[in-house]
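Visitor: Residue numbers (this note's numbering): 1 to 292.
Where is the CB? At the ideal position from N, CA and C, for every residue including glycine.
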Amino acid sequence: MLLYGITPPSLTTTPGRADEIAEATLARLDSVALDGLIIYDVDAEAERSPESRPFPFMPMMDPADFLDRHLSDWTRPVVVYRAVGKYTEADLSRWLTEVDTDRVLTVLVGAASRHQVVKTRLTDAYRLHAGLDRRPGIGGVSIAERHVGTGQEHRRMLSKQLDGCDFFVSQVCYDLDHSRDLLSDYVYLCRDEDMVPRPVVLTLAPCGSMKTLEFMSWLGIDVPRWLHTELTRSPDPLTESYDQCLTNARALIGFCRRLGVPFGINVESLTNRKVEIEASVDLAREISELLH
1 MLLYGITPPS LTTTPGRADE IAEATLARLD SVALDGLIIY DVDAEAERSP
51 ESRPFPFMPM MDPADFLDRH LSDWTRPVVV YRAVGKYTEA DLSRWLTEVD
101 TDRVLTVLVG AASRHQVVKT RLTDAYRLHA GLDRRPGIGG VSIAERHVGT
151 GQEHRRMLSK QLDGCDFFVS QVCYDLDHSR DLLSDYVYLC RDEDMVPRPV
201 VLTLAPCGSM KTLEFMSWLG IDVPRWLHTE LTRSPDPLTE SYDQCLTNAR
251 ALIGFCRRLG VPFGINVESL TNRKVEIEAS VDLAREISEL LH
(Lines of atoms letter the chains of each structure in order from A; the text may use other names.)
(Lines give C-alpha, C1' and ligand atoms only; values in the text may rest on other atoms or scores of the structure.)
Protein backbone atom coordinates (compact mmCIF):
# COMPACT_ATOMS: atom_id res chain seq x y z
CA MET A 1 0.00 0.00 0.00
CA LEU A 2 1.02 3.60 -0.58
CA LEU A 3 0.06 6.33 1.87
CA TYR A 4 0.71 10.07 2.02
CA GLY A 5 1.07 11.91 5.30
CA ILE A 6 -0.21 15.43 5.96
CA THR A 7 -0.61 17.73 8.95
CA PRO A 8 -3.74 19.77 9.63
CA PRO A 9 -3.66 23.57 9.23
CA SER A 10 -2.79 25.75 12.19
CA LEU A 11 -5.39 26.17 14.90
CA THR A 12 -6.01 29.80 13.93
CA THR A 13 -6.98 28.90 10.35
CA THR A 14 -10.48 30.02 9.43
CA PRO A 15 -12.97 27.37 8.21
CA GLY A 16 -12.97 28.86 4.74
CA ARG A 17 -9.20 28.83 4.50
CA ALA A 18 -9.10 25.25 5.85
CA ASP A 19 -11.47 24.24 3.03
CA GLU A 20 -9.09 25.84 0.52
CA ILE A 21 -6.09 24.02 2.01
CA ALA A 22 -7.93 20.69 1.89
CA GLU A 23 -9.01 21.27 -1.71
CA ALA A 24 -5.47 22.20 -2.77
CA THR A 25 -4.04 19.14 -0.98
CA LEU A 26 -6.41 16.73 -2.71
CA ALA A 27 -5.84 18.39 -6.08
CA ARG A 28 -2.08 18.02 -5.62
CA LEU A 29 -2.47 14.33 -4.75
CA ASP A 30 -5.00 13.55 -7.48
CA SER A 31 -2.35 12.25 -9.86
CA VAL A 32 -0.91 9.79 -7.31
CA ALA A 33 -2.38 6.29 -6.97
CA LEU A 34 -2.72 6.46 -3.18
CA ASP A 35 -4.33 3.81 -1.04
CA GLY A 36 -4.88 6.17 1.87
CA LEU A 37 -3.92 9.28 3.82
CA ILE A 38 -2.26 9.75 7.17
CA ILE A 39 -3.22 12.83 9.17
CA TYR A 40 -0.75 13.57 11.94
CA ASP A 41 -1.55 14.88 15.40
CA VAL A 42 1.15 17.46 16.09
CA ASP A 43 2.27 18.05 19.66
CA ALA A 44 4.88 20.47 20.99
CA GLU A 45 7.10 17.65 22.35
CA ALA A 46 9.22 20.17 24.24
CA GLU A 47 10.73 17.33 26.28
CA ARG A 48 11.97 15.50 23.18
CA SER A 49 15.33 17.28 23.14
CA PRO A 50 17.24 19.85 25.18
CA GLU A 51 17.89 21.64 21.88
CA SER A 52 15.50 24.31 20.66
CA ARG A 53 12.94 23.23 18.09
CA PRO A 54 14.27 24.39 14.69
CA PHE A 55 10.81 25.37 13.51
CA PRO A 56 8.62 27.14 16.11
CA PHE A 57 5.73 24.99 17.27
CA MET A 58 2.28 26.14 16.17
CA PRO A 59 -0.83 24.43 17.59
CA MET A 60 -2.65 22.58 14.82
CA MET A 61 -6.30 21.77 14.21
CA ASP A 62 -7.44 18.46 15.59
CA PRO A 63 -6.75 15.94 12.78
CA ALA A 64 -10.14 14.27 13.24
CA ASP A 65 -11.91 17.62 12.98
CA PHE A 66 -9.93 18.51 9.86
CA LEU A 67 -10.96 15.20 8.30
CA ASP A 68 -14.64 15.51 9.22
CA ARG A 69 -15.11 19.19 8.40
CA HIS A 70 -12.79 19.83 5.48
CA LEU A 71 -11.77 16.56 3.79
CA SER A 72 -15.22 15.20 3.00
CA ASP A 73 -14.22 14.73 -0.67
CA TRP A 74 -11.63 12.12 0.37
CA THR A 75 -13.43 8.75 0.39
CA ARG A 76 -10.52 6.35 0.69
CA PRO A 77 -9.03 5.07 3.98
CA VAL A 78 -7.49 7.49 6.45
CA VAL A 79 -5.13 6.89 9.37
CA VAL A 80 -5.73 9.54 12.03
CA TYR A 81 -2.95 9.91 14.58
CA ARG A 82 -3.80 10.49 18.23
CA ALA A 83 -1.16 11.89 20.59
CA VAL A 84 -2.94 10.29 23.52
CA GLY A 85 -1.28 12.47 26.15
CA LYS A 86 -3.31 15.44 24.90
CA TYR A 87 -6.68 13.79 25.54
CA THR A 88 -8.59 12.51 28.53
CA GLU A 89 -9.74 8.91 28.45
CA ALA A 90 -13.32 10.16 28.08
CA ASP A 91 -12.37 12.20 24.99
CA LEU A 92 -10.50 9.27 23.46
CA SER A 93 -13.32 6.87 24.19
CA ARG A 94 -15.86 9.19 22.61
CA TRP A 95 -13.86 9.56 19.40
CA LEU A 96 -12.94 5.88 19.14
CA THR A 97 -16.57 4.81 19.42
CA GLU A 98 -18.01 7.46 17.10
CA VAL A 99 -15.49 7.28 14.24
CA ASP A 100 -16.34 5.58 10.92
CA THR A 101 -14.57 2.27 11.54
CA ASP A 102 -15.08 1.14 7.92
CA ARG A 103 -12.76 3.86 6.65
CA VAL A 104 -10.81 5.40 9.52
CA LEU A 105 -7.94 3.77 11.40
CA THR A 106 -5.80 5.34 14.08
CA VAL A 107 -2.25 5.33 15.36
CA LEU A 108 -2.00 5.90 19.09
CA VAL A 109 1.17 7.76 20.04
CA GLY A 110 2.62 8.08 23.51
CA ALA A 111 4.64 10.86 25.10
CA ALA A 112 7.98 11.90 23.60
CA SER A 113 9.58 11.65 27.05
CA ARG A 114 8.75 9.92 30.31
CA HIS A 115 8.98 13.35 31.94
CA GLN A 116 6.12 14.74 29.88
CA VAL A 117 2.91 15.48 31.77
CA VAL A 118 0.05 13.63 30.07
CA LYS A 119 -3.69 13.20 30.43
CA THR A 120 -3.60 9.60 29.21
CA ARG A 121 -0.71 7.15 29.03
CA LEU A 122 -0.24 4.96 25.97
CA THR A 123 -0.75 1.75 27.95
CA ASP A 124 -4.06 3.12 29.26
CA ALA A 125 -5.10 4.11 25.74
CA TYR A 126 -4.48 0.56 24.52
CA ARG A 127 -6.48 -0.80 27.44
CA LEU A 128 -9.30 1.62 26.69
CA HIS A 129 -9.35 0.65 23.01
CA ALA A 130 -9.40 -3.08 23.80
CA GLY A 131 -12.43 -2.67 26.06
CA LEU A 132 -14.63 -1.01 23.46
CA ASP A 133 -17.21 -3.03 21.58
CA ARG A 134 -16.97 -0.77 18.53
CA ARG A 135 -13.52 0.54 17.68
CA PRO A 136 -11.28 1.35 14.71
CA GLY A 137 -8.22 -0.64 13.83
CA ILE A 138 -5.14 0.75 15.53
CA GLY A 139 -1.49 0.99 14.66
CA GLY A 140 1.70 1.77 16.51
CA VAL A 141 4.87 3.71 15.81
CA SER A 142 8.16 1.94 15.10
CA ILE A 143 11.46 3.76 15.48
CA ALA A 144 14.57 2.13 14.05
CA GLU A 145 16.82 4.66 15.79
CA ARG A 146 15.48 3.51 19.14
CA HIS A 147 16.39 -0.06 18.19
CA VAL A 148 20.01 1.00 17.64
CA GLY A 149 20.21 2.25 21.21
CA THR A 150 18.29 -0.46 23.04
CA GLY A 151 18.10 -3.46 20.71
CA GLN A 152 14.55 -3.92 21.99
CA GLU A 153 12.34 -2.09 19.50
CA HIS A 154 11.30 -5.35 17.85
CA ARG A 155 10.06 -6.58 21.24
CA ARG A 156 8.19 -3.30 21.76
CA MET A 157 6.51 -3.89 18.41
CA LEU A 158 5.49 -7.42 19.36
CA SER A 159 4.17 -6.14 22.70
CA LYS A 160 2.12 -3.50 20.89
CA GLN A 161 0.89 -6.20 18.53
CA LEU A 162 -0.32 -8.21 21.53
CA ASP A 163 -2.01 -5.03 22.79
CA GLY A 164 -4.04 -4.88 19.58
CA CYS A 165 -1.91 -3.07 16.99
CA ASP A 166 -2.84 -4.17 13.47
CA PHE A 167 0.00 -2.34 11.73
CA PHE A 168 3.01 -0.08 12.32
CA VAL A 169 4.15 3.21 10.81
CA SER A 170 7.86 3.98 10.98
CA GLN A 171 9.63 7.21 11.67
CA VAL A 172 11.22 8.68 8.54
CA CYS A 173 13.83 6.23 7.20
CA TYR A 174 17.19 7.52 6.00
CA ASP A 175 19.58 4.94 7.44
CA LEU A 176 18.85 1.71 5.56
CA ASP A 177 20.78 -0.55 7.92
CA HIS A 178 18.84 0.72 10.94
CA SER A 179 15.56 -0.03 9.17
CA ARG A 180 16.62 -3.42 7.85
CA ASP A 181 17.96 -4.50 11.24
CA LEU A 182 14.66 -3.68 12.93
CA LEU A 183 12.53 -5.32 10.24
CA SER A 184 14.63 -8.48 10.31
CA ASP A 185 14.63 -8.72 14.12
CA TYR A 186 10.86 -8.15 14.24
CA VAL A 187 10.05 -10.77 11.60
CA TYR A 188 12.29 -13.44 13.10
CA LEU A 189 10.98 -12.73 16.60
CA CYS A 190 7.45 -13.22 15.28
CA ARG A 191 8.47 -16.52 13.72
CA ASP A 192 10.12 -17.65 16.93
CA GLU A 193 6.94 -16.78 18.87
CA ASP A 194 4.69 -18.37 16.22
CA MET A 195 3.11 -14.98 15.48
CA VAL A 196 2.23 -13.42 12.13
CA PRO A 197 4.04 -10.10 11.62
CA ARG A 198 1.82 -7.10 11.12
CA PRO A 199 2.27 -4.76 8.13
CA VAL A 200 4.99 -2.16 8.57
CA VAL A 201 4.53 1.14 6.73
CA LEU A 202 7.94 2.71 6.05
CA THR A 203 8.08 6.50 5.87
CA LEU A 204 10.18 8.53 3.43
CA ALA A 205 10.52 12.31 3.15
CA PRO A 206 12.77 14.54 1.05
CA CYS A 207 15.00 17.15 2.70
CA GLY A 208 15.39 20.45 0.88
CA SER A 209 17.38 22.68 3.21
CA MET A 210 19.82 22.73 6.08
CA LYS A 211 16.96 23.87 8.31
CA THR A 212 15.00 20.73 7.41
CA LEU A 213 18.10 18.63 8.05
CA GLU A 214 18.41 20.26 11.47
CA PHE A 215 14.73 19.53 12.14
CA MET A 216 15.24 15.89 11.19
CA SER A 217 18.03 15.65 13.75
CA TRP A 218 15.79 17.24 16.39
CA LEU A 219 13.11 14.63 15.59
CA GLY A 220 15.65 11.87 16.18
CA ILE A 221 15.99 10.81 12.53
CA ASP A 222 19.43 9.34 11.85
CA VAL A 223 21.01 10.44 8.59
CA PRO A 224 24.19 8.51 7.66
CA ARG A 225 27.26 10.70 8.06
CA TRP A 226 28.21 10.44 4.39
CA LEU A 227 24.73 11.56 3.33
CA HIS A 228 24.72 14.37 5.88
CA THR A 229 27.96 15.59 4.31
CA GLU A 230 26.50 15.29 0.80
CA LEU A 231 23.42 17.29 1.72
CA THR A 232 25.45 19.91 3.57
CA ARG A 233 27.90 20.41 0.70
CA SER A 234 25.42 20.09 -2.18
CA PRO A 235 24.17 23.17 -4.05
CA ASP A 236 20.89 21.27 -4.48
CA PRO A 237 20.17 19.21 -1.33
CA LEU A 238 16.57 18.62 -2.36
CA THR A 239 17.57 16.70 -5.49
CA GLU A 240 20.26 14.81 -3.54
CA SER A 241 17.82 13.74 -0.83
CA TYR A 242 15.07 12.97 -3.36
CA ASP A 243 17.36 10.60 -5.24
CA GLN A 244 18.41 8.95 -1.98
CA CYS A 245 14.78 8.52 -0.89
CA LEU A 246 14.04 6.80 -4.19
CA THR A 247 17.10 4.57 -3.76
CA ASN A 248 15.98 3.75 -0.23
CA ALA A 249 12.47 2.96 -1.45
CA ARG A 250 13.79 0.45 -3.98
CA ALA A 251 16.04 -1.16 -1.36
CA LEU A 252 13.32 -1.38 1.30
CA ILE A 253 10.71 -2.73 -1.10
CA GLY A 254 13.08 -5.47 -2.26
CA PHE A 255 14.17 -6.27 1.29
CA CYS A 256 10.60 -6.53 2.61
CA ARG A 257 9.59 -8.80 -0.24
CA ARG A 258 12.58 -11.10 0.35
CA LEU A 259 11.99 -11.09 4.10
CA GLY A 260 8.30 -11.84 3.68
CA VAL A 261 7.05 -8.98 5.85
CA PRO A 262 3.84 -7.24 4.77
CA PHE A 263 4.71 -3.61 4.14
CA GLY A 264 3.69 -0.28 2.75
CA ILE A 265 5.32 3.05 1.98
CA ASN A 266 4.28 6.40 3.42
CA VAL A 267 5.58 9.63 1.88
CA GLU A 268 5.41 13.03 3.54
CA SER A 269 6.95 16.48 3.62
CA LEU A 270 8.57 17.41 6.90
CA THR A 271 7.90 21.13 6.36
CA ASN A 272 5.28 23.33 4.70
CA ARG A 273 7.78 24.64 2.15
CA LYS A 274 6.19 24.39 -1.30
CA VAL A 275 9.28 22.89 -2.97
CA GLU A 276 9.51 20.11 -0.39
CA ILE A 277 5.78 19.37 -0.60
CA GLU A 278 5.92 19.18 -4.39
CA ALA A 279 9.01 16.96 -4.22
CA SER A 280 7.24 14.62 -1.80
CA VAL A 281 4.26 14.30 -4.18
CA ASP A 282 6.62 13.54 -7.08
CA LEU A 283 8.36 10.97 -4.87
CA ALA A 284 5.05 9.32 -4.02
CA ARG A 285 4.19 9.14 -7.72
CA GLU A 286 7.47 7.39 -8.53
CA ILE A 287 7.15 4.99 -5.61
CA SER A 288 3.64 4.12 -6.76
CA GLU A 289 5.16 2.86 -10.01
CA LEU A 290 7.69 0.79 -8.06
CA LEU A 291 4.93 -0.80 -5.97
CA HIS A 292 2.48 -1.51 -8.76
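Using C-beta distances below 6 Å, list every residue in its chain close to VAL148, excluding the 5 sequence neighbours before and after it, in chain order.
Guide: Answer for VAL148: HIS178, listed in chain order.
Visitor: Verify whether the separation of the beta carbon atoms of GLY140 and LEU108 is less than 9 Å.
Guide: Yes. Within cutoff.
Visitor: Output yes or no for whether 9 Å exceeds the beta carbon distance between SER288 and ALA27.
Guide: For SER288 and ALA27, no; Cβs fall outside 9 Å.
Visitor: Which residue spans inside the region 194 to 224 form an unbroken alpha helix (DSSP H) run of at least 4?
Guide: As far as the region 194 to 224 is concerned, its whole alpha helix (DSSP H) runs of at least 4 residues are 210 to 219.
Visitor: Buried or exposed for LYS274, please, with buried defined as at least 16 other CB atoms from any protein chain shown within 10 angstroms of its CB.
Guide: So LYS274 ends up on the exposed side.
Visitor: Under 7 Å Cβ to Cβ from HIS292, same chain only, skipping five residues before and after it: list those, please.
Guide: Closer than 7 Å at Cβ, skipping near neighbours: ALA33.
Visitor: Measuring straight from C-alpha to C-alpha, what distance separates GLY16 and MET61?
Guide: Spanning the two alpha carbons is a distance of roughly 14 Å.
Visitor: Between VAL42 and the rest of its own chain, which residues show a CB-CB distance below 7 Å, the 5 nearest in sequence each way excluded?
Guide: Correct list, in chain order: THR7, MET60.
Visitor: Run the CB neighbour count on ALA111, radius 10 Å, all protein chains shown included, and call it buried at 16 or more, exposed below.
Guide: Buried, by the Cβ-count rule.
Visitor: Alpha carbon to alpha carbon, how far is CYS256 from ARG225? Give it in angstroms, no decimals.
Guide: In a straight line, the C-alpha of ARG225 is about 25 Å away from that of CYS256.
Visitor: Measure the alpha-carbon distance for THR12 versus PRO56 and round it to whole angstroms.
Guide: Each residue's alpha carbon lies about 15 Å from the other.
Visitor: Tell me whether the region 150 to 170 and the region 178 to 195 touch, counting them as touching only if at least three CB pairs, one residue from each stretch, are closer than 8 Å.
Guide: At 8 Å Cβ cutoff, the stretches touch.
Visitor: In this structure, does DSSP put GLU89 in helix, strand or coil?
Guide: Helix.
Visitor: For MET210, count neighbouring Cβ atoms within 10 angstroms of its own Cβ and tell me buried if that reaches 16, exposed if not.
Guide: When all chains shown are included, MET210 counts as exposed.
Visitor: Identify every residue that forms a DSSP beta bridge with TYR174.
Guide: TYR174 is not bridged to any residue.
Visitor: From this set, TYR4, PRO54, GLU51, PHE66, which residue's C-alpha is nearest SER10's C-alpha?
Guide: Nearest option by C-alpha distance: PHE66.
Visitor: What number of angstroms, rounded off, separates the C-alpha of THR106 from the C-alpha of LEU246?
Guide: If you take the alpha carbons of THR106 and LEU246, they lie about 27 Å apart.
Visitor: In chain order, which continuous runs of the beta strand (DSSP E) of length 3 or greater are located wholly inside the region 20 to 59?
Guide: Counting only runs of 3 or more, we get 36 to 39.
Visitor: Relative to the C-alpha of LEU182, which residue among VAL200, ASP194, VAL196, CYS165 is closest?
Guide: Closest option to LEU182, Cα to Cα, is VAL200.
Visitor: Out of curiosity, what's the CA-to-CA distance linking PRO77 and GLN116?
Guide: Their backbone Cα atoms lie some 32 Å apart in a straight line.
Visitor: Look at the alpha carbon of HIS228 and the alpha carbon of ASP243, and state the distance between them as a whole number of angstroms.
Guide: Whole-angstrom Cα-Cα distance: 14 Å.
Visitor: With the cut-off set at 9 Å, would you say VAL267 and LEU2 are in Cβ contact?
Guide: Contact: yes.
Visitor: Return yes when the Cβ of SER241 is within less than 9 Å of the Cβ of CYS207, no when it is not.
Guide: Yes, the Cβ-Cβ distance between CYS207 and SER241 is below 9 Å.
Visitor: Figure out for me which residue from LEU290, THR271, ARG285, ALA279 has the closest Cα to the Cα of PRO54.
Guide: The candidate whose alpha carbon is nearest that of PRO54 is THR271.
Visitor: Going by CA-CA distance only, name the one from PRO63, THR14, THR203, ALA279 that's closest to ILE221.
Guide: That would be THR203, whose Cα lies nearest to the Cα of ILE221.
Visitor: Let's see if you can read the secondary structure: which residues bound the beta strand (DSSP E) around SER288?
Guide: No beta strand (DSSP E) holds SER288; the alpha helix (DSSP H) holding it covers 274 to 291.
Visitor: Does the separation of the CB atoms of ILE21 and HIS70 fall below 9 Å?
Guide: Yes, they are a contact pair.
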